[in-house]
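Structure record follows, encoded as structure tokens.
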Amino acid sequence: MKQIILLGLLVLSFIGCTKYNQIDTGLAQKKYPGNMYEYLHSDSYNWDSLLVFIDYLGLEDYFTGKKAGYEEITFFGPTNHSIRRKIYEKYTWSATWQKVYLYHSVKEFIEGEGEEYCRQLILSHIVKGKYEVKDIPRGTDDNAESGMIMISVNGSKFRIYSFQEPYEETPEAGPVVLYIRGGKYMDTKIDVASTDIEPTNGIVHSLAYAFTLGQF
1 MKQIILLGLL
11 VLSFIGCTKY
21 NQIDTGLAQK
31 KYPGNMYEYL
41 HSDSYNWDSL
51 LVFIDYLGLE
61 DYFTGKKAGY
71 EEITFFGPTN
81 HSIRRKIYEK
91 YTWSATWQKV
101 YLYHSVKEFI
111 EGEGEEYCRQ
121 LILSHIVKGK
131 YEVKDIPRGT
141 DDNAESGMIM
151 ISVNGSKFRI
161 YSFQEPYEET
171 PEAGPVVLYI
181 RGGKYMDTKI
191 DVASTDIEPT
201 NGIVHSLAYA
211 FTLGQF
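Residue numbers (full-length UniProt numbering): 1 to 216.
As structure tokens, then:
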């Protein structure tokens, strides 16, 4: 009986250590066996609306690696939630004070706002070259000199920095995450929800659902 109890304690100890290691190892890198365009097609829940932008505006070459000079890119991806939030910003009020939305689909939005405007929205999220979390310098929200400045395909700039979260009460013992300061004056803080997704032609960092397309 004593041996069984000791064996049980040993197993529980092993499980506890394994769980801690999973938390403490930081963000896992996910390799995808296809190009970025194929990866986006593999996850309809997050990327359906983005693919409508890409296809309608003829931006596929950036995501397949066929665009000259952009064979490898880093994409800070706005998900369906972020795109819907942008689309539903446009509304009027009915006679009974009900919201009447101007657009009900991505295509309606593109046609209403103009192709060039929408093209710039997407290009602002693409950076030439591959940047994983390990390539992003440490920084803080209030130190404008920390992290690094990135320039997207359309020439817009944003500051990005990595930060190691605390684990329980221990500082700098948790996972390493990314934050972005975007907007015209880099005064908008943007959370990166999922990092280091790696198709064959680059890196995808997925932006948090609370992000609204256009905040870059």
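Every residue, glycine too, gets a C-beta built ideally from N, C-alpha and C.
Just so you know, these numbers come straight off a predicted model, no measurement behind them.
Bridge partners - residue i, DSSP secondary structure assignment
{"i": "Trp47", "result": "Per DSSP, none; premise fails for Trp47."}
{"i": "residue 222", "result": "Residue 222 lies beyond the stretch modelled for the chain, which goes from 1 to 216, so this question has no answer here."}
{"i": "Ser162", "result": "Arg138, Leu178"}
{"i": "Tyr209", "result": "In the DSSP output, where bridge partners are listed per residue, Tyr209 has none listed."}
{"i": "Thr170", "result": "Tyr167"}
{"i": "Lys30", "result": "Ile197"}
Enclosing beta strand (DSSP E) for residue i [first to last residue]
{"i": "Asp196", "result": "188–198"}
{"i": "Lys128", "result": "126–128"}
DSSP state of residue i mapped onto helix, strand, coil
{"i": "Tyr185", "result": "coil"}
{"i": "Val153", "result": "coil"}
{"i": "Ser82", "result": "helix"}
{"i": "Tyr117", "result": "helix"}
{"i": "Lys90", "result": "coil"}
{"i": "Gln22", "result": "Because Gln22 carries a pLDDT of 31, less than 50, the predicted location of this residue cannot be relied on, and the following value inherits that uncertainty. In the structure shown, Gln22 sits in a helix (DSSP, three-state: H, G or I)."}
{"i": "Lys67", "result": "coil"}
Cβ neighbours of residue i in the same chain (closer than 6 Å, five flanking residues each side left out)
{"i": "His205", "result": "Phe76, Val192, Thr195"}
{"i": "Tyr56", "result": "Ile110"}
{"i": "Ile197", "result": "Lys30, Val204"}
{"i": "Asn201", "result": "Asn35, Met36, Gly65, Glu72"}
{"i": "Tyr39", "result": "Tyr32, Pro199"}
{"i": "Ala210", "result": "none"}
{"i": "Lys67", "result": "Asp61"}
Where the alpha helix (DSSP H) through residue i begins and ends
{"i": "Thr64", "result": "60–64"}
{"i": "Lys99", "result": "Not the alpha helix (DSSP H): Lys99 falls in the beta strand (DSSP E), residues 99–101."}
{"i": "Tyr39", "result": "36–41"}
Residues near residue i in its chain [Cβ-Cβ closer than 8 Å; skip 5 each side]
{"i": "Ile122", "result": "Leu50, Phe53, Ile54, Leu57, Leu59"}
{"i": "Arg138", "result": "Ser146, Gly147, Tyr161, Ser162, Phe163, Gln164"}
{"i": "His41", "result": "Trp47, Leu51"}
{"i": "Arg84", "result": "Ser49"}
Own chain partners of residue i with C-beta closer than 7 Å, once the 5 adjacent residues on each side are dropped
{"i": "Val133", "result": "Leu27, Ser162, Val176, Leu178, Thr195, Asp196"}
{"i": "His81", "result": "Tyr209"}
At least 3 beta-carbon pairs within less than 8 Å: the region 105–120 vs the region 35–47: Fewer than three Cβ pairs drawn from the region 105–120 and the region 35–47 lie within less than 8 Å of each other, which leaves the two stretches out of contact.
Validate contact between the region 119–130 and the region 153–169 using beta carbons, cut 8 Å, 3 pairs: With the cut-off at 8 Å, the region 119–130 and the region 153–169 touch.
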